[in-house]
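Chains as they are written, first to last, in the working numbering: chain W, 1 to 264; chain V, 1001 to 1786.
All residues carry an ideal CB built from backbone N, CA and C; glycine is no exception.
Just below is one structure, and these are the notes that go with it.
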Amino acid sequence: MYDFDYQRPTDAKAATAAFQGDARYLAGGQSLVQAMRLRLSSNARLVDLGAIPALRGIHAGGGSVTVGAMTPHAAVAASPEVRQAIPALAQLAGWIGDPSVRNMGTLGGSIANADPAADYPAALLALGATVQTDRRTIPAEQFFTGLYGTALLPGELVTAVSFPVPQAAGYEKYRNPASRFALVGVFVAKTAAGVRVAVTGAKSHVFRSAELEAALAASFTPEAAKAVRLPVAGMNADLHASPEYRAAMVSVMASRAVAASLAR
Amino acid sequence: MTDLSQPPVSPIGQPLRRREDARFLTGAGQYTDDVVLPGQSYGVFVRSPYAHARIQSIDTSSAKAAPGVLAIFTGADLADAKVGGLPCGWLIHSQDGSPMKEPPHPVLAQGKVRHVGDQLALVVAETLLQAKDAAELVAVDYEELPAVVDVATAAGAASAVHDDVPGNVCYDWSHGDKAAVDAAFARATRVTKLEFANNRLIPNAIEPRAANAQYTRHDDSYTLWVSNQNPHVERLLMTAFVLGLPESRVRVIAPDVGGGFGSKIFLYPEETALVWASKRVGRPIKWTAERSESFLTDAHGRDHVTTAELAMNEQGDFLAMRVKTTANMGAYLSTFASSVPTILYATLLAGQYRTPAIHAQVTAVFTNTAPVDAYRGAGRPEATYVVERLVETAARDLGMSPVDIRRRNFITEFPYATPVGLTYDTGNYAAHLDRALELADVAGFAARRDKSKAAGKLRGLGYSCYIEACGLAPSNIAGALGARAGLFEAGEVRVHPTGTVTVFTGSHSHGQGHETTFAQVVAARLGIPVENVEIVHGDTGRVPFGMGTYGSRSLSVGGTAIVKAVDKVIAKGRKIAAHLLEAADSDIEFENGEFKVAGTDRKIPFGQVALTAYVPHNYPLDKLEPGLNENAFYDPTNFTYPAGSYVCEVEVDPETGRTRVDRFTAVDDFGNIVNPMIVQGQVHGGIAQGLGQAMLEGARYDPESGQLLTGSYMDYCMPRADDLPSYQVDHTVTPCTHNPLGVKGCGEAGAIGSPPAFINALTDALGVRDIAMPATPERVWRAVNR
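Written out as structure tokens, the structure reads:
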């Protein structure tokens, strides 16, 4: 990697103050450090968030679960609060990467990076979550804007994500056999406002599927989801899957996510 | 209390824990990258980002001025110094009698770059980071040229990878009796035909390639540490063919090596450039490949496209086989590349069967991709895939059981001279097939299939009855077939005065466990404890000679050389014992580590004879030299022929196309077995690689740009433990008839036999005739939804 200046503040205010010039926040490093080692990413300054206790932690109450931005995936997967309130979210976190990745990777890092195949964005969008930053709150609908694109402004620090507790939810992930990222990942949530279905891995960024939401609103069953033929337009094409296959797998994963939510 | 009345249990056949594991599992291994020499400097290669381009200019001025840079070399510097190109060790002739095309294979690119990753400059600096930074400052002006990428269309393509090989054909070779084959096909009432690719693979040894080269002024010599499978061969090729140095001036040390699978046999540009540069720079130079470099530049494997036909009569007797293959050589001829799709391939097309007429025609082509050479199995997986896919499909075409069609055609009388040039010495194919059927519970398959169906899944069963030729090789046969080297092996047995033994073997261990198994062999033969035998390998400064480890040759060829040296030691020991026991030489027997006078209980142990050899007071000095140290060279009289029967059972989820190997059964005949645990480990690993090829792996280049699309594990799908079931493994034994251990070799069999077993099972599950490797979920899903 290229040389850089390294800062490790102990509170959020110091972190945002340290974000000067060509800077980047370092969360769990599971994407950033890899990119830096390959010399694909380089910033003059890294601001390491790992020493800020206020950014870690999980709190449940008032119909939602709030997860600190620097909470590792392993903690979300193991959290009694998350497992009780939104078990699909705990399951999703437990399926990210491998144990080493889960010990280091964080919720805030994942959503700020907005990898098109990341798992968390599907949960945020399906549950109607709210992203809290150092300066505002951003609804999930507005947060993910494109390929590796978010609504975050330069230097804006994600501090926590608040997930409303759904009536029922399920997540199914079709793992890319090589990278084990989501070739397709579908999060289905039955909320007070209706059914929400969010899909990751299939397009340039996470999206809600109107076709699946309509079908499941009419009949919240695996069969109803399986029967949906998603349009192929905009679906990713790569070595591992064609657009047609991805579209078909969205329906299959959706039906399995529905089955999982019903089984709880 | 030890029962001294019982003879000690021979170590042969014991599953002794590997002695090398203690250091490997506790971080005490010494790999090439662990070597740091006084005055160490670091090398980084500048590599082409294009698949095919003319080098208009290379400007190193900024790079040379960068901090810590000691030197920068390009192809022009090596050309000025008259450094040769990398040689190919096997000469193949085309059907018209002309020799294969051997375009220059420069150490650093000259004039053109011919694949993404082709190296064109070496930057040497004080630290690795400085070398990397400086390498980015080397400014190359490229004129991009059209890339020839696909093996199927390279021959006759407008763009020439090498200017003096227009049309890109390296050779057009054939083997077998074409007239007899054509006549048989004309008569046959049944022909089964398949067209398929054997997918390109990237070796991915866990330890990337690495080298550290040091020039020493005091005796004008070089020492090269390199992650390599055959240090003496590496030395010979580099000194005699490229650098023009006497071999005795170069010491090559391959210390602990973390896997090779063939990829570390070859003489590569990197270590060659380092050795040459180390004298000019006057500092040792170290290079370790990054994984992305390994993906781009380690020799890849396989990459054939084939049309294969099997002619039969109505009863399913095989009458003839006809095979036409196009094989990818990559951008340059690697050390053994030409032999892999010819000598190591076409000669195995008889398989386990009595097919009387066989003909193969192989066209080898250059493309703008990484060089392609031997990779675990080297030609035999490709041959086995042809034979076992044809045989299974033929059974289906005829409505016959795939087991019955094989039994019907098995070779049963040995020795058997095949129509493709090999003579199988011994075997019993029905024995391992029977055992495999039993172990795989084939009888219960129908019920399991019904159960899967009830759960909405598809289940299939497939077979593969493979044979291979290994234990390379009788030198005279190899030479007649085009080898430019001998393929014997060497071993030296040095008995120490205190009775311990050090064995210097030309074989190399990079995962095979030779330090354990060779010690078992020697300890058994000398009747001494295994702990008293030390095995030394991998250093041309300590081991007199060797051809190295590949082609499953180490135990059968290397082990036999050691056995012959041990027998010389025993022969000399007899004479010493005869003197000590005051008996005639011919009255002395050697058994269980003791020399004794036949028919009496007068005996002395090996240790005492050893001591006497070095303290020759009561000793026949007038007739016998002191000391006890013998060496032997062994040239095998034939290849060895491991064979086996594999059964694969898969379950497919038709919704997604994901396929699970539910069970995999392997019964192999490796002849006698020295360490069953190590043999099982070899089979396990080989099957993992074979299933990896069939289900998961595949090196892909962009057809237009020639960029390597599968440049990392994000896209190149390596098998993991959760992709594979626990295997059922067993063995049968027909000892090899032509080496004293009766062993056949086991290192590659798993990778050879498993791919067709898997594809046979999968096509059975899907009810389709064929499916390409790797059988990705999407491919399977499309087959289900056709």
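Secondary structure at residue i, three-state DSSP: helix, strand or coil?
i: Ser1568(V); result: In the sequence as displayed, the identity of residue 1568(V) is Lys instead of Ser. Looking at Lys1568(V) - three-state DSSP - the assignment turns out to be helix.
i: Trp1276(V); result: helix
i: Gln1682(V); result: helix
i: Thr1734(V); result: coil
i: Met1695(V); result: helix
i: Phe970(V); result: Chain V is shown from 1001 up to 1786; residue 970(V) falls before or after that span and cannot be answered.
i: Val1116(V); result: coil
i: Gly108(W); result: helix
i: Ser1041(V); result: strand
i: Ala35(W); result: helix
i: Leu127(W); result: helix
i: Gln972(V); result: There is simply no residue 972(V) to check, as chain V begins at 1001 and stops at 1786 in what is shown.
i: Lys1451(V); result: helix
i: Met1718(V); result: coil
i: His1093(V); result: strand
i: Leu1333(V); result: coil
i: Arg24(W); result: strand
At which residues does the alpha helix (DSSP H) containing residue i begin and terminate?
i: Ser1061(V); result: Ser1061 to Lys1064
i: His15(W); result: The sequence as given places Ala at residue 15(W); His does not occur at that position. Where Ala15(W) is concerned, the enclosing alpha helix (DSSP H) stretches over Ala12 to Ala18.
i: Leu1344(V); result: Taken as a continuous stretch (DSSP letters only), Leu1344(V) belongs to no alpha helix (DSSP H), as it is neither H nor E.
i: Tyr1101(V); result: A small fix is needed here, since residue 1101(V) is Lys in this sequence, not Tyr. Unbroken run through Lys1101(V): none, as it is neither H nor E.
i: Lys226(W); result: Pro222 to Lys226
i: Ser162(W); result: It is not in any alpha helix (DSSP H) - Ser162(W) instead sits in the beta strand (DSSP E) that spans Val158 to Pro164.
i: Glu1388(V); result: Arg1380 to Leu1398
i: Arg1291(V); result: Arg1291 to Thr1297
i: His1617(V); result: No alpha helix (DSSP H) contains His1617(V), which DSSP labels as neither H nor E.
i: Phe143(W); result: Ala140 to Phe143
One question on the structure: do residue i and residue j come within less than 8 Å of each other, judged by their Cβ atoms?
i: Arg45(W); j: Asp22(W); result: yes
i: Val1161(V); j: Val1149(V); result: no
i: Val1113(V); j: Ile1055(V); result: yes
i: Thr130(W); j: Ala69(W); result: no
i: Ile111(W); j: Val161(W); result: yes
i: Phe1758(V); j: Leu1422(V); result: no
i: Arg123(W); j: Arg196(W); result: One point to set straight first is that residue 123(W) is Ala, not Arg, in the sequence displayed. Contact: no.
i: Gln1130(V); j: Lys1286(V); result: no
i: Val1124(V); j: Ala1357(V); result: no
i: Val1522(V); j: Ile1576(V); result: no
i: Leu1628(V); j: Val1543(V); result: no
i: Lys190(W); j: Pro166(W); result: yes
i: Tyr1222(V); j: Leu1128(V); result: no
i: Val1806(V); j: Glu1234(V); result: For chain V, the structure presents residues 1001 to 1786; residue 1806(V) sits outside this window and is missing.
i: Ala1721(V); j: Pro1774(V); result: no
i: Val1557(V); j: Glu1489(V); result: yes
What do you reckon, is the C-beta of residue i under 7 Å from a heavy atom of the ligand FAD?
i: Leu1741(V); result: This structure simply doesn't include the ligand FAD, nor any ligand for that matter.
Could you round the C-beta distance between residue i and residue j to whole angstroms and report it? I think they count as a contact, below 8 Å.
i: Glu1748(V); j: Ser1507(V); result: In fact, because the Cβ distance is near 15 Å, the residues do not count as touching under 8 Å.
i: Ala1360(V); j: Val1387(V); result: Not quite, the Cβ-Cβ distance comes to about 11 Å (not below 8 Å), so this is no contact.
i: Gly201(W); j: Leu183(W); result: 5 Å
i: Gly155(W); j: Tyr171(W); result: Going by Cβ atoms, the distance from Gly155(W) to Tyr171(W) rounds to 32 Å, so no, they are not a contact pair.
i: Ala1394(V); j: Leu1310(V); result: 5 Å
i: Met1718(V); j: Ser179(W); result: Rounded, the Cβ-Cβ distance is 11 Å, inconsistent with contact.
i: Ala27(W); j: Gly109(W); result: 3 Å
Kindly list the residues whose CB is nearer than 6 Å to the CB of residue i, restricted to its own chain and excluding five residues on each side of it in sequence; keep chain order.
i: Tyr1345(V); result: Gly1379, Glu1382 and Ala1383
i: Thr1734(V); result: Thr1426, Gly1427, Asn1428 and Asp1669
i: Thr1272(V); result: Val1107, Met1238 and Val1242
In chain order, what residues of the same chain have a beta carbon less than 7 Å from the beta carbon of residue i, not counting five sequence neighbours either side?
i: Lys1132(V); result: Val1044
i: Pro1566(V); result: Sequence inspection shows Val at residue 1566(V); the Pro mentioned does not correspond to that position. Val1493, Val1522, Arg1525 and Leu1526, listed in sequence order.
i: Glu211(W); result: Val228 and Leu230
Hey, could you find the ends of the beta strand (DSSP E) residue i is sitting in?
i: Leu46(W); result: Arg45 to Asp48
i: Thr1612(V); result: Per DSSP, Thr1612(V) belongs to no beta strand (DSSP E); it is in the alpha helix (DSSP H), Phe1606 to Tyr1614.
i: His1799(V); result: There is no way to answer for residue 1799(V), as the model of chain V reaches only from 1001 to 1786.
i: Gln1214(V); result: Ala1210 to Thr1216
i: Ile1012(V); result: Counting along the chain, Ile1012(V) falls outside any beta strand (DSSP E), and DSSP gives it neither H nor E.
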